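To start, the structure under review is shown below, and the notes come after it.
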Ligand SMILES: [Zn+2]
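Numbering (the working numbering), first residue to last: 1190 to 1579.
What follows is the structure in structure tokens.
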């Protein structure tokens, strides 16, 4: 049984009537074949249509030989005349994307001779895989050319070429097709074998945005958007940039330079903080000069700062240096070390006695402990440590 493909006669048909020829149950779904349909089945890189048959949701549409199979959760009895409704929002989006993809692929083919070797209409972007390299600058030029082209509102030509006719036509095709071939021509931009649904005038595509290009296999993969999807994408980005501009009290066109300036300022501040920290570590090390085994408490130091502080003091105190940062509520971080010494036993004892955990090398250990400050001082004073700034 052959299904009449109404979308080839009128690509804008949103509602139609068809007679149910068969309905077969399969794994909890029903496969319904009509004598005619406006539902486009998945094919040629274009996803299937969505919509309803007599108000029942069509969950997928596939092609099997001459038949188009509508997959539903509910059965419809054979012989019945049903009304089909296409989800037009979904279909028109796909038409915009698919038509735009042909034009971009055709322009690239003209400009660089590369072929589109992979095409996917994903939920977020359309991707085109090319068998050659193009740069971001070249991509921008193609984007500009593609938009200029669609605004000239060319009428698409769709026709079938016989075996003999197609020999003379320089059309793009991913596969070798036997017999007659359906060709979609965007005059001056592209001629390509295709079974998909296209807009009739290129102005309907509205907008083409080439989002990215990156190396992929032997060539590149381009991400792109057309029509409403491109518009939404650009609106989202505009919104993001506007919010940044408001946050920085700038005009939207000034954000990039301002962010670059802020990055520079942050780098300068980090350098200043680092210098001040280094001076602080050196000053503390100076105060510990020749004091032997020392215990220190420091405010707001992270593990890295603790390591740097201990390192500086180990050079001056001529003994073991133990540095702590934290408070009785949250606990303490520590760094304990001795230049060319061995603090393993001390750290083990400390972890055991003061609910600590951590370790490291024989001459240096870092970790955390959960004891109060006075217990830490007791522990070290009992071992002859000098508590600096008690
Ligand atoms: Zn196509």
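Each residue gets a CB set at the ideal place from its N, CA and C atoms; glycine is no exception. Note that the structure is predicted; figures quoted are calculated from it, not measured.
Under a Cβ-count criterion, where at least 16 other Cβ atoms within 10 Å of its own Cβ denotes burial, should residue i be classed as buried or exposed?
i: residue 1424; result: exposed
i: residue 1238; result: buried
i: residue 1341; result: exposed
i: residue 1380; result: buried
i: residue 1299; result: exposed
i: residue 1490; result: buried
i: residue 1539; result: buried
i: residue 1319; result: buried
i: residue 1504; result: exposed
i: residue 1418; result: buried
i: residue 1404; result: exposed
i: residue 1348; result: exposed
i: residue 1230; result: buried
i: residue 1250; result: buried
i: residue 1512; result: buried
i: residue 1248; result: exposed
i: residue 1312; result: exposed
i: residue 1499; result: buried
i: residue 1262; result: exposed
i: residue 1374; result: buried
i: residue 1253; result: exposed
i: residue 1275; result: buried
Under 7 Å from any heavy atom of ligand 1, does the C-beta of residue i make it?
i: residue 1298; result: no
i: residue 1381; result: yes
i: residue 1287; result: yes
i: residue 1232; result: no
i: residue 1665; result: For residue 1665 there is no data in the structure shown, the boundaries of the chain being 1190 and 1579.
i: residue 1385; result: yes
When you measure from the CB of residue i to every non-hydrogen atom of ligand 2, does any distance come out below 7 Å?
i: residue 1291; result: Among the ligands in the structure shown, ligand 2 does not appear; only ligand 1 can be found there.
Please name the residue in the options whose C-alpha comes closest to that of residue i.
i: residue 1211; options: 1204, 1217 and 1222; result: 1222
i: residue 1264; options: 1243, 1281 and 1501; result: 1243
i: residue 1267; options: 1224, 1385 and 1532; result: 1224
i: residue 1256; options: 1576, 1453 and 1194; result: 1194
i: residue 1494; options: 1483, 1283, 1477 and 1463; result: 1463
i: residue 1478; options: 1486, 1501 and 1466; result: 1501
i: residue 1407; options: 1535, 1558 and 1304; result: 1304
i: residue 1201; options: 1322, 1285 and 1207; result: 1285
i: residue 1297; options: 1226, 1522, 1384 and 1411; result: 1411
i: residue 1553; options: 1568, 1571 and 1525; result: 1525
i: residue 1288; options: 1401, 1434 and 1376; result: 1376
i: residue 1556; options: 1343, 1520 and 1570; result: 1520
i: residue 1277; options: 1241, 1245, 1258 and 1449; result: 1241
i: residue 1515; options: 1197, 1317 and 1487; result: 1487
i: residue 1290; options: 1564, 1536, 1399 and 1481; result: 1399
i: residue 1309; options: 1414, 1335 and 1561; result: 1414
i: residue 1205; options: 1455, 1197 and 1271; result: 1271
i: residue 1558; options: 1564, 1543 and 1566; result: 1543
i: residue 1549; options: 1197, 1492, 1475 and 1354; result: 1492
i: residue 1234; options: 1307, 1572 and 1551; result: 1307
i: residue 1219; options: 1293, 1454 and 1209; result: 1209
i: residue 1507; options: 1497, 1518 and 1483; result: 1483
i: residue 1578; options: 1562, 1571 and 1572; result: 1562
i: residue 1572; options: 1545, 1443, 1560 and 1534; result: 1534
i: residue 1360; options: 1510, 1216, 1292 and 1258; result: 1292
With DSSP as the reference, please indicate the residues paired to residue i in a beta bridge.
i: residue 1379; result: 1375
i: residue 1397; result: 1415
i: residue 1204; result: 1274
i: residue 1390; result: 1344
i: residue 1218; result: 1215
i: residue 1557; result: 1522 and 1546
i: residue 1193; result: 1225
i: residue 1369; result: Beta-bridge pairing links residue 1369 to no other residue.
* Would you list, in sequence order, the uninterrupted beta strand (DSSP E) runs of no fewer than 3 residues that lie entirely inside the stretch 1272–1349? => 1305–1310 and 1315–1319
* Asked: What are the start and end residues of each continuous beta strand (DSSP E) run of 3 or more residues lying completely inside the stretch 1506–1546, in chain order?
  -> 1509–1516 and 1520–1527
* Unbroken stretches of the beta strand (DSSP E), 3 residues or longer, contained in the stretch 1224–1260 -> 1240–1242 and 1245–1253
* For the stretch 1408–1468, list the alpha helix (DSSP H) runs that are entirely contained and at least 4 residues long, ordered along the chain. => 1416–1436
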